[in-house]
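First up is the structure itself, then whatever we jot down about it.
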Amino acid sequence: MENNPETNKKSTASPQVDSRIAAVRDLIFGENIQQYDSEFADVYEKIESLKNSTNKNLAEAVTNLENKLSDLESLVDHKFQDLNDDLDKRLADLDDEKADRRKLGKALEKIALMLQE
Numbered sequence: 002m003e004n005n006p007e008t009n010k011k012s013t014a015s016p017q018v019d020s021r022i023a024a025v026r027d028l029i030f031g032e033n034i035q036q037y038d039s040e041f042a043d044v045y046e047k048i049e050s051l052k053n054s055t056n057k058n059l060a061e062a063v064t065n066l067e068n069k070l071s072d073l074e075s076l077v078d079h080k081f082q083d084l085n086d087d088l089d090k091r092l093a094d095l096d097d098e099k100a101d102r103r104k105l106g107k108a109l110e111k112i113a114l115m116l117q118e
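All residue numbers for the sequence shown refer to the working numbering, where the first residue is 2 and numbers rise by one.
Here is the structure:
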């Protein structure tokens, strides 16, 4: 690479020109840029606040739904147990009724035999 004096001249002149352009830009648009920056900061702050609020509300809704599902599960389990208990009782009653019919049938057979004698 050659040491080109024109390239060195451009590189040293470029920061000086950039700083002048920045100074003119700041003079012309500085106040507007600061106002926009302030408004953007407010918007970002509101967005962050809404995001936090939404996350909090979502967490509360999830907790509420989990609690309601737990309550519903408990209620269904309780109802299921009640139905099982009722079914067991009815099955036991049915067995008793069949046993009573058998006893009644045997008793009638004994009566019939006694009558035949």
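Note that CB positions come from ideal geometry on N, CA and C, so glycine has one too. Since the model is a prediction, treat every value here as computed from it, not as a measurement.
Can you find the residues in the same chain that come closer than 7 Å, C-beta to C-beta, to residue i, ignoring five residues on each side of it along the sequence?
i          : result
residue 51 : none
For residue i, which residues from the same chain have a beta carbon less than 6 Å from its beta carbon, with the 5 sequence-adjacent residues on both sides left out?
i         : result
residue 9 : Summary for residue 9: the model assigns pLDDT 49, below 50, so the residue's position carries little reliability, and this model does not support an answer.
Got a sec? Which residues, its chain only, sit under 8 Å from residue i by beta carbon, not counting five neighbours each side?
i          : result
residue 2  : Reliability of the predicted coordinates at residue 2 is poor, the pLDDT of 45 falling under 50, and the value obtained from them is presented with this limitation in mind. The answer is none, since no qualifying residue turns up.
residue 29 : none
residue 91 : none
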